[in-house]
Amino acid sequence: MATHLIELSPVDMQRRLGDALSIYVDAMRYPRGTEEQRASMWLEHTRRHGWKAVAAVQTGDGASPEADLAAAPMLGIAYGYCGAPDQWWQQQVVAGLRRSGADTERIATLMSSYFELTELHIVPSAQGRGLGEALIRRLLGDRGEAHVLLSTPEITGEGNRAWRLYRRLGFTDVIRGYHFAGDPRAFAILGRSLPL
Ligand SMILES: CC(C)(COP(=O)(O)OP(=O)(O)OC[C@H]1O[C@@H](n2cnc3c(N)ncnc32)[C@H](O)[C@@H]1OP(=O)(O)O)[C@@H](O)C(=O)NCCC(=O)NCCS
């Protein structure tokens, strides 16, 4: 078996949306059915400025022509886009920054040019092999924004693979213990400068 990273176009994402959402639900251990709630949002994201998606796919031994990669089983998915003031996530982050006492200049600097790393998920059976890091590096390798920002659930002692990965890649705290509107869970907003 060989693993390849491929970039997905919006059309590819639409075609493989079921696979990508299934990885998301398994990786996050969300209940089945969450896929349907997320589908229209993920498709809407493909139309945002600067949207980019990368998938890890697996092929059998031997030759793997491009045509096969487009249909090869997916092991992981990562995507994001350029942050903008009309996006709910940016509005939430700005509110959180204000509440945490960040000054106007810091907020303007962060918000003026960033890539939002929106989703990053590896199917549980393929986790712990470096695929998440490979996806993030491919996704962020050629960005023109000044920063990357992401949110991840808070967990005691930063004790999971997502946290270890982000710290290893140099992500630092932007806001901690943040509650997005309508979600009881606490999140951390992390960021770092680009290029990675
Ligand atoms: C978070 C997540 C994307 C990280 O991806 P991953 O592929 O599992 O992890 P990484 O790329 O960071 O790889 C780290 C592990 O691979 C190992 N590794 C790294 N490079 C490797 C390589 N070239 N060959 C083999 N193993 C390697 C590391 O030793 C490490 O193992 P350890 O965690 O047991 O110490 C993934 O675990 C996941 O989907 N988790 C659930 C969903 C989630 O939390 N998503 C993020 C929400 S914000």
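First residue of the sequence shown? That's 33 in my numbering, and the numbers climb one at a time after it.
For every residue, glycine included, the Cβ atom is placed at its ideal position computed from N, Cα and C.
- Query: Is the beta carbon of Gln90 less than 9 Å from the beta carbon of Ala52?
  - Reply: no
- Message: Quick check: does the Cβ of Gln124 come within less than 8 Å of any heavy atom belonging to ligand 1?
- Response: no
- Message: Buried or exposed, going by whether 16 or more other CB atoms sit within 10 Å of the CB of Val86?
- Response: buried
- DSSP bridge partner residues for Arg224 (one or two, in chain order): Val180
- Item | Option in Ser157, Arg175, Val180, Ala220 with minimal Cα separation from Thr188 | Ala220
- Measuring from the CB of Gln46, is there a heavy atom of ligand 1 at a distance below 8 Å? no
- Item | Assigned exposure category for Glu177 - 16 Cβ within 10 Å defines buried | buried
- Simplified DSSP assignment, three categories, for Glu148: strand
- Query: If you draw a straight line from the alpha carbon of Arg141 to that of His179, how long is it in whole angstroms?
  - Reply: According to the sequence shown, residue 141 is Thr rather than Arg. Using only the alpha carbons, I get a separation of about 9 Å.
- Message: Less than 6 Å between C-beta atoms, sequence neighbours within five positions excluded: which residues of the same chain meet that for Glu67?
- Response: Leu53, Val57
- Is Ala166 near ligand 1, judged by its Cβ being under 8 Å from some heavy atom? yes
- Confirm the yes/no value for this check: CB of Ala218, any heavy atom of ligand 1, distance under 8 Å. no
- Going by DSSP, which residues form a beta bridge with Thr35? Gln90
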